[in-house]
Every structure is written in structure tokens, then in C-alpha cells.
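Colleague:
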Amino acid sequence: MNVKNHDTRFEAMEISEIVEENSYTKTYVFKYDLGAKPGQFVMLWVPGVDEKPFSVAYCDSGEFWLTICAVGPCSKAIYEMKVGDRVGIRGPFGTEYDIGEGEHLALVSGGYGAAPMYFVAKEALKKGCKVEFLTGARSEDLLLFEERVAGLGDDVTWHCSTDDGSKGFKGYVTQLLSEVMKDVKLDKIFACGPEVMMKAAGEAAGDVPAYLSMEKYMKCGFGVCGQCAIDDTGDLCCKKGPVMAYDYVKGLSEFGKYHRDAQGKKNEY
Ligand SMILES: Cc1cc2nc3c(=O)[nH]c(=O)nc-3n(C[C@H](O)[C@H](O)[C@H](O)COP(=O)(O)OP(=O)(O)OC[C@H]3O[C@@H](n4cnc5c(N)ncnc54)[C@H](O)[C@@H]3O)c2cc1C
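As C-alpha cells, then:
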């Protein structure tokens, strides 16, 4: 996987459009040539509040999108912002998904993971790939990006799951992956979402190479602060990741068990 040269300076950027996705998620459009690859992230600074990493949900030469769920202080401050408000952006940072020509891919996502996977699907189509787009949520109202994915054409197939059965397969998206794999021979599986979900996706993948978008608490985003060091390797998630091979990740002592907070304290999943 390639690591793009990144810009560690802030760029003040205006929000040019906001799309409401569900009761606590919005997509923010910035008119800027970011040059991001699918899987990469930016650091977004809200002056006076905090700075956090967010995956790029779409990027072309004219604009890029971030899809953000309001869960804590920084993301809730972003949720209250309006078109024309300015934030600081650094990046893009991190590794990208390695998409080969003509591959048959499964993109497996949970929660806001559907948004960065949309960007992956767009780029995969440019390389003549076929895409099984699988996404899961607790209930129908929380599923993201269905219409956008439907607009990608016949080479992308949408599959969804809900925990409560209100839409699509009743159960976890990783169970749905096992169902899809009965009918489709995949070249690669890419997963983005809660770590426990990605662990199950890696296990379900069997012999198919799987790549996961790992999230650790990040502060600088480009390998200086050491906040996102991975137990017990010391590798930095912001540099070695966020996209990493399941074959590497599955051997990590913390994988699927706990994550560390801003103070480095362990929090069990
Ligand atoms: C590479 C990367 C990409 C991300 N992409 C997106 C995205 O596209 N959209 C989006 O909405 N969010 C994304 N996040 C999460 C985002 O960076 C923030 O963590 C989130 O918005 C919460 O920040 P907060 O200050 O609002 O709340 P906080 O108070 O910081 O967090 C609220 C809750 O989330 C948990 N949490 C915070 N950060 C992490 C973490 N890194 N790993 C596990 N749990 C955590 C906290 O323990 C707490 O329970 C990404 C994170 C990473 C590392």
C-alpha cells in the first residue's frame, strides 16, 4: 500500500454544502482539491474545541466530502456548524486501499464506514472492478449512502443488514458477508467500521485477502506524537494505517479487545 506525501499544515476551509444523512450524521462538502486516495483521512480542527481524524468519503479534483456522526464534543460541535463556517483541515494522511484492475471486491461497512467505502467503490469502478457493497446498521433509519451507491450502476450491488430486521438481512453485516461469499468468488475484502465488526469480517474472509481500516485515538495524524502506537509492536496507526492487512492486524494483542483513550487508558470493547 502506498503512503501519499501529505501536508502537515492547516488549510482554513469553508463548508460549502451540508447533507443531512440521518438523525445524527451529516456529510460536509469542501470545494478543495485534496488529492486523497480511498482509505485516507484528514485531521479536522474546530477552533476552541478539538481536532479529530475523519475518513474521506469522496474526493475529486473539485471537492471532497466528510461524513461525521455526532457522538462527542468535537463531532457535536461540527454537527452544529452551518454552510460558510470555517474549519482547519490537515492532510490527507495514511495508507489507502489497494485496488487492482478488474478485481471482484466486497466492501463491508458498519456505521459511518459506509461513507469512506463509497469513495472506494467509485475508484474501484474506474479500474473495471465489480463491487459487492455490504453495509449494516442497528435499524433501517441508520443505514447510510443507499441512494448514492444505487447511482453507481450495475457493477455495484448493494446488500444491507439491520440488527432489528427492519431492512435487508436480519443480523450482522459480517453474517451477510458469509452469505454473499456462498455465491460470489471474491478477490479481496475491504472493511471499515467498529473494530469488533472488522474482526468478524476478517474471520469470515477465510482465504480471501482482507484489509481493515483501523481506528486508534490519534492526535497529530502523521507519526510525531505517538498517541496511536499499537500494542505490542509500537507501529503507529496513522502511518502504518489506517488501512492494514488483516494478516498483520489479527496478530496484534489489542485487536478486538480494547482501545486506548486520549490519556492512553485502556477501554475494553
Ligand atoms: C482514522 C480515523 C477515521 C475516522 N473517520 C471518521 C469518520 O469518517 N466519521 C466519523 O464520524 N468519525 C470518524 N472517526 C472518529 C472521530 O475521529 C472521532 O473519534 C469522533 O468524531 C468522536 O470525537 P468527539 O470529540 O466528538 O468525541 P469523543 O469524546 O472523543 O468520543 C466519543 C466516543 O467515541 C470514542 N472514541 C473516540 N475516538 C475513538 C477512537 N479513535 N477509537 C475508538 N473509540 C473512539 C470515545 O471513547 C467515546 O466513547 C475516525 C477516527 C479515526 C482514527
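All you need for this note's numbering is the position in the sequence shown, starting with 1, plus 812.
Heads up, the beta-carbon is just placed ideally off N, CA and C, and yes, glycines get one too.
(1) What would DSSP say about T839, mapped onto helix, strand or coil?
(2) For the stretch 859-877 against the stretch 920-937, are there 3 or more C-beta pairs whose distance is under 8 Å?
(3) Let me check understanding here. Comparing Cα to Cα, which of Y1058, L1048 and S873 lies closest to D1019?
(4) What residue range does the alpha helix (DSSP H) around E935 cover?
(5) Please indicate yes or no: does the CB of F853 lie closer than 7 Å to some heavy atom of ligand 1?
(6) May I ask you to check if the CB of G1046 is nearer than 7 Å to at least one heavy atom of ligand 1?
(7) What do you reckon, are the CB atoms on G851 and E908 nearer than 8 Å?
(8) What are the boundary residues of the beta strand (DSSP E) that includes Y1072?
(9) Taking Cβ positions, are C886 and V841 nearer each other than 8 Å?
(10) For the alpha helix (DSSP H) containing A1017, list its first residue and its last residue.
(11) How far does the alpha helix (DSSP H) with L998 in it extend, from its first residue to its last?
(12) When DSSP labels each residue in this structure, what does P1054 get in the three-state scheme?
(13) Cutting at 8 Å between CB atoms, please list the residues of its own chain near Y844, excluding the five before and the five after it.
(14) Does DSSP put P885 in a helix, a strand or coil?
(15) Can V1130 be considered in contact with ligand 1, in the sense that its beta carbon sits closer than 7 Å to one or more heavy atoms?
(16) Report yes if the C-beta of P1054 is less than 7 Å from at least one heavy atom of ligand 1; otherwise report no.
(17) What is the DSSP secondary structure of T974, counted as helix, strand or coil?
(18) Hey, how far is the Cα of I1001 from the Cα of F981?
(19) In terms of alpha-carbon separation, which member of G884, A936, S1065 and K1031 lies closest to T1045?
(20) Please report how far the alpha carbon of A1016 lies from the alpha carbon of K994, in whole angstroms.
(21) For L1024 and V1061, which I take to be in contact (beta-carbon distance under 8 Å), what is that distance rounded to the nearest angstrom?
(22) When you compare each of K939, S951 and K1052 to G983 by their alpha carbons, which one comes out closest?
(23) Extract the residue ranges of the alpha helix (DSSP H) inside the stretch 854-924, only unbroken runs of 4 or more that lie entirely within it.
(24) Any heavy atom of ligand 1 closer than 7 Å to the Cβ of Y836?
(25) Taking K1051 and G1035 to be in contact with their CB atoms under 8 Å, please state how far apart those CB atoms are, rounded to whole angstroms.
(26) State the beta-bridge partners of L1048 as determined by DSSP.
(27) Can you check whether the CB of C871 is closer than 8 Å to the CB of A848?
Modeller: Let's see:
(1) strand
(2) yes
(3) Y1058
(4) A926 to K938
(5) yes
(6) no
(7) yes
(8) According to the sequence as given, residue 1072 is Arg; it is not Tyr. It spans Y1070 to R1072 - the beta strand (DSSP E) in which R1072 sits, taken as one unbroken run.
(9) no
(10) E1007 to A1017
(11) Element bounds for L998: n/a, residue is neither H nor E.
(12) coil
(13) E823, M825, E875, F876 and I901
(14) helix
(15) No answer is possible for residue 1130: it lies beyond the span of the chain, which begins at 813 and ends at 1081.
(16) yes
(17) strand
(18) 19 Å
(19) S1065
(20) 11 Å
(21) 6 Å
(22) S951
(23) 885-891
(24) no
(25) 4 Å
(26) A1041
(27) yes
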